[in-house]
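In our numbering, the protein residues as written are 30 to 431.
Even for Gly, the Cβ is constructed at its ideal location relative to N, Cα and C.
One structure is given below, encoded as structure tokens.
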């Protein structure tokens, strides 16, 4: 089934007919030619279709004219994705972000010729003298967009404060990214033993979820599950979800999850890389995580492993379904994070037991001994942020690089 069909079903729609068209360039007035418009009109009448979905972004004029030509409501790809996002958003910030994106999209659809917007009707306290309904709608939408932006600035500031607070606890962040429905949330649940919402549908996850994760041979990290990407992701959504996507761009490692059994696997990888470029996250070390390995014959895995070497540091095969490959994934995370660590000799007094315990959480302890006085001498690998945190702690008797 094509992606647009999956999008329609994810939005709760039932597909009655699929019509394809091929043109050198879109028809300016209705996007499709007159013959195709007539074919669509007949299908609408025959199947009692209520909504026609166009798998492209079309102009407001094309949308209006196509509605008149086929006799039902028309929704383009951008509007469909926005509708799915509106259904999925759960957090306060997510709902604000989706509403902002919807209103930005709607503001471009307010064109003359929409009869339901052109009516002159009363509105006490809502309009100036002689203002048309179209002008009123534009003004009200503009006011609402401004208010949403103001609220999102405050929410984003709060998110920034939480991010800075996390940085004071020197745990690196590992973010799951990937094409929608690739299995990110299922992998998140496997690794963290959580119960994040999982469903076999597009955009099941919109809101960022974070959990602590113990990585063998490394220590604790923060694992985050984020919104899935899609080809031709509406720019209004990228803008609206900027603060959420900042969690990705501030990560230390990205787990780029791929549906290895998907027929559009390589195209989906490129689509995700394009979004990562747009949010300036393309230089973050990535682990390409081929999910659904249980559905792939091992002899074909080598072909899938080729290419995409530029920004991909590690490649791992896993199955979120049966849990295979998760140890390999954790080992790959440890290798990437350890590469940015240095080894130090840390001296602590015998009274600093709590700080010693935190060192085991924050870094990788390679060795430990006690002096005749009972003080601790710990050989440990630390990241730059963890080293900065350690230097601020009281009772540290000495730190020496090795």
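With burial defined as no fewer than 16 other Cβ atoms inside 10 Å of the residue's Cβ, what is the status of residue i: buried or exposed?
{"i": "residue 402", "result": "exposed"}
{"i": "residue 392", "result": "buried"}
{"i": "residue 144", "result": "Its pLDDT being 45, under 50, residue 144 is placed unreliably by the model, and the measurement read from it follows with that caveat. Classification for residue 144: exposed."}
{"i": "residue 97", "result": "exposed"}
{"i": "residue 122", "result": "buried"}
{"i": "residue 182", "result": "exposed"}
{"i": "residue 201", "result": "buried"}
{"i": "residue 312", "result": "exposed"}
{"i": "residue 339", "result": "Residue placement at residue 339 cannot be trusted, given a pLDDT of 46 that sits under 50; the coordinates are not used to answer."}
{"i": "residue 149", "result": "The pLDDT assigned to residue 149 is 41, lower than 50, so where the model puts this residue is not dependable, and the model offers no usable value."}
{"i": "residue 424", "result": "exposed"}
{"i": "residue 371", "result": "exposed"}
{"i": "residue 152", "result": "Interpretation of residue 152 is limited by its pLDDT of 42, a score under 50 that renders its predicted location unreliable; no figure is taken from the coordinates."}
{"i": "residue 92", "result": "buried"}
{"i": "residue 400", "result": "exposed"}
{"i": "residue 380", "result": "exposed"}
{"i": "residue 427", "result": "exposed"}
{"i": "residue 411", "result": "buried"}
{"i": "residue 316", "result": "buried"}
{"i": "residue 157", "result": "Residue placement at residue 157 is poorly supported in this model, since its pLDDT is 46, which falls under 50; the coordinates still yield a value, given next. Exposed is the call here."}
{"i": "residue 213", "result": "buried"}
{"i": "residue 154", "result": "Bear in mind that a pLDDT of 42 at residue 154, under 50, signals an unreliable position, so the model cannot answer this."}
{"i": "residue 44", "result": "exposed"}
{"i": "residue 159", "result": "Residue placement at residue 159 is poorly supported in this model, since its pLDDT is 49, which falls under 50; the coordinates still yield a value, given next. Classification for residue 159: exposed."}
Would you check if the distance between the CB atom of residue i and the CB atom of residue j is smaller than 8 Å?
{"i": "residue 241", "j": "residue 349", "result": "no"}
{"i": "residue 46", "j": "residue 87", "result": "no"}
{"i": "residue 409", "j": "residue 387", "result": "no"}
{"i": "residue 82", "j": "residue 68", "result": "no"}
{"i": "residue 277", "j": "residue 320", "result": "no"}
{"i": "residue 118", "j": "residue 99", "result": "no"}
{"i": "residue 301", "j": "residue 345", "result": "no"}
{"i": "residue 258", "j": "residue 207", "result": "yes"}
{"i": "residue 361", "j": "residue 390", "result": "no"}
{"i": "residue 253", "j": "residue 205", "result": "yes"}
{"i": "residue 66", "j": "residue 95", "result": "yes"}
{"i": "residue 139", "j": "residue 163", "result": "yes"}
{"i": "residue 323", "j": "residue 357", "result": "no"}
{"i": "residue 245", "j": "residue 368", "result": "no"}
{"i": "residue 281", "j": "residue 419", "result": "no"}
{"i": "residue 80", "j": "residue 104", "result": "yes"}
{"i": "residue 170", "j": "residue 136", "result": "yes"}
{"i": "residue 113", "j": "residue 36", "result": "yes"}
{"i": "residue 52", "j": "residue 62", "result": "yes"}
{"i": "residue 429", "j": "residue 374", "result": "yes"}
Compare the Cα-Cα distances from residue i to each of the options and report the closest residue.
{"i": "residue 39", "options": "70, 67 and 109", "result": "109"}
{"i": "residue 237", "options": "170, 174 and 251", "result": "251"}
{"i": "residue 407", "options": "421, 385, 417 and 413", "result": "385"}
{"i": "residue 284", "options": "383, 304, 221 and 216", "result": "216"}
{"i": "residue 184", "options": "211, 120, 212 and 294", "result": "120"}
{"i": "residue 382", "options": "404, 366 and 373", "result": "404"}
{"i": "residue 397", "options": "415, 376, 412 and 411", "result": "376"}
{"i": "residue 106", "options": "124, 85 and 430", "result": "85"}
{"i": "residue 274", "options": "310, 187, 293 and 127", "result": "310"}
{"i": "residue 101", "options": "76, 127, 373 and 113", "result": "76"}
{"i": "residue 359", "options": "255, 243, 34 and 179", "result": "243"}
{"i": "residue 325", "options": "186, 299 and 294", "result": "294"}
{"i": "residue 249", "options": "221, 74 and 256", "result": "221"}
{"i": "residue 223", "options": "111, 239, 247 and 209", "result": "239"}
{"i": "residue 303", "options": "165, 175, 260 and 55", "result": "260"}
For the beta strand (DSSP E) that residue i lies in, which residues bound it at each end?
{"i": "residue 345", "result": "341–346"}
{"i": "residue 375", "result": "371–377"}
{"i": "residue 205", "result": "202–207"}
{"i": "residue 49", "result": "Segment: none, residue 49 is in no beta strand (DSSP E) and carries neither H nor E."}
{"i": "residue 411", "result": "405–411"}
{"i": "residue 398", "result": "393–399"}
Residues bridged to residue i by DSSP?
{"i": "residue 320", "result": "288"}
{"i": "residue 105", "result": "83"}
{"i": "residue 241", "result": "251"}
{"i": "residue 430", "result": "373"}
{"i": "residue 56", "result": "60"}
{"i": "residue 282", "result": "203"}
{"i": "residue 315", "result": "283 and 341"}
If you measure from the beta carbon of residue i to each beta carbon in chain D, is any gap under 8 Å?
{"i": "residue 187", "result": "Among the chains of the structure shown, chain D does not appear; only one protein chain is present."}
What is the residue span of the alpha helix (DSSP H) that residue i lies within?
{"i": "residue 303", "result": "294–307"}
{"i": "residue 64", "result": "63–76"}
{"i": "residue 138", "result": "Element bounds for residue 138: n/a, residue is neither H nor E."}
{"i": "residue 94", "result": "89–99"}
{"i": "residue 38", "result": "32–39"}
{"i": "residue 356", "result": "355–367"}
{"i": "residue 258", "result": "Counting along the chain, residue 258 falls outside any alpha helix (DSSP H), and DSSP gives it neither H nor E."}
{"i": "residue 216", "result": "213–221"}
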